[in-house]
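K.L.:
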């Protein structure tokens, strides 16, 4: 893998040791469709500034992400980092915006999906949203993310028995990536995606920022105002730490 400023192939970039694919949303959809056509299971992860900070001190998480089939850059922080490190990212391919586009593509492909994670009841609400919005997209099953290690084999078995081809795992980082890496083969799915807090948005539990804030790249401010006690360290301290590391990498050069 290339260093902090370098690329990783024609469409690759490395941001402080995490490999990302420098592609657009449309290209990401095409890549996922290609992965679905293959027999073995594949992993798709989204990485933002918080993920990069976690990977800085978590070798296992970094290895899992760098071993994924598709790693998509999420958020303004990643775009700033790419620009400062001499490898501008072409798009903000965040999971929340990609989800409806992917559901539309999966509906056309008739690829059954399974929703795993979040608080009890939220995955079912996201399934209801899918049924209303994409009525021809099969929902193979749902399960919340609050199961014990002893219950995990039963959850994995239920996913495998459901016939799902695509698995959305909403457990937050780094738990979801580790869970997918550990259980991908046993689930029998073609593509597993780690989607963080996506179920919170599509279930209606947490509203998204207004469109103008998203376009301005400050959706994180809206999230901070919603849950300041939980998110202040991640956004106020974490963003500064991330930027400092990016600037240090830029100063040191390749």
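Numbering (my numbering), first residue to last: 114 to 367.
Glycine included, each C-beta is placed from N, C-alpha and C at the ideal position.
Since the model is a prediction, treat every value here as computed from it, not as a measurement.
(1) Our contact map puts residue 203 next to residue 135 with C-beta atoms below 8 Å; I'd like the distance itself, whole angstroms only.
(2) Measure the Cβ-Cβ separation of residue 197 and residue 360 and say whether it is below 8 Å.
(3) Just to confirm, is the Cβ distance from residue 149 to residue 303 under 8 Å?
(4) I need the boundaries of the beta strand (DSSP E) containing residue 186, first residue and last residue.
(5) Rounded C-beta distance between residue 156 and residue 297? I'm assuming under 8 Å.
(6) Compare the beta carbon distance of residue 159 and residue 208 with 8 Å and say whether it is the shorter of the two.
(7) Heavy atom of the ligand ZN less than 7 Å from the Cβ of residue 159, yes or no?
(8) What span of residues does the beta strand (DSSP E) with residue 134 cover, start to end?
(9) Give, in chain order, every unbroken run of the beta strand (DSSP E) that is at least 3 residues long and sits entirely within the stretch 299 to 357.
(10) Using a Cβ-Cβ cut-off of 6 Å (strictly less than) and excluding sequence neighbours within five positions of residue 151, which residues of its own chain qualify?
(11) Bridge partners of residue 126, per DSSP?
(12) Could you tell me whether the stretch 276 to 295 touches the stretch 171 to 182, using the rule of 3 or more Cβ pairs below 8 Å?
(13) If we ignore side chains and look at the alpha-carbon of each, how far apart do residue 348 and residue 307 end up?
(14) Within a Cβ cutoff of 6 Å, which residues of the same chain sit near residue 251, ignoring the five residues on either side of it in sequence?
(15) With DSSP collapsed to three states, give me the class of residue 147.
(16) Roughly how many whole angstroms lie between the Cα atoms of residue 182 and residue 294?
P.N.:
A quick look at the data gives this:
(1) In this structure, residue 203 and residue 135 form a Cβ contact; the two beta carbons are roughly 6 Å apart against a cut-off of 8 Å.
(2) Result yes, Cβ atoms of residue 197 and residue 360 sit closer than 8 Å.
(3) Going by C-beta atoms, residue 149 is nearer than 8 Å to residue 303.
(4) In the DSSP annotation of this structure, the continuous segment of the beta strand (DSSP E) that includes residue 186 starts and ends at 183 to 186.
(5) Cβ atoms of residue 156 and residue 297 come within 8 Å of each other, at about 6 Å.
(6) In terms of Cβ geometry, residue 159 and residue 208 form a close pair [threshold 8 Å].
(7) Questions concerning the ligand ZN fall outside what the structure shown contains, since it holds no ligand whatsoever.
(8) In the DSSP assignment, residue 134 falls within the unbroken beta strand (DSSP E) covering 131 to 134.
(9) Every beta strand (DSSP E) stretch that sits fully inside the stretch 299 to 357 and reaches 3 residues is listed by chain position as 304 to 307.
(10) Closer than 6 Å at the Cβ level, and outside the excluded window around residue 151, lies no residue.
(11) The partner list for residue 126 (beta bridge, DSSP) reads 133.
(12) Using a Cβ-Cβ distance cut-off of 8 Å, the stretch 276 to 295 and the stretch 171 to 182 are in contact, since at least three pairs of beta carbons, one from each stretch, lie closer than that value.
(13) Between residue 348 and residue 307, the C-alpha separation is close to 20 Å.
(14) Answer for residue 251: 225, listed in chain order.
(15) In the structure shown, the three-state DSSP call for residue 147 is helix.
(16) In a straight line, the C-alpha of residue 182 is about 12 Å away from that of residue 294.
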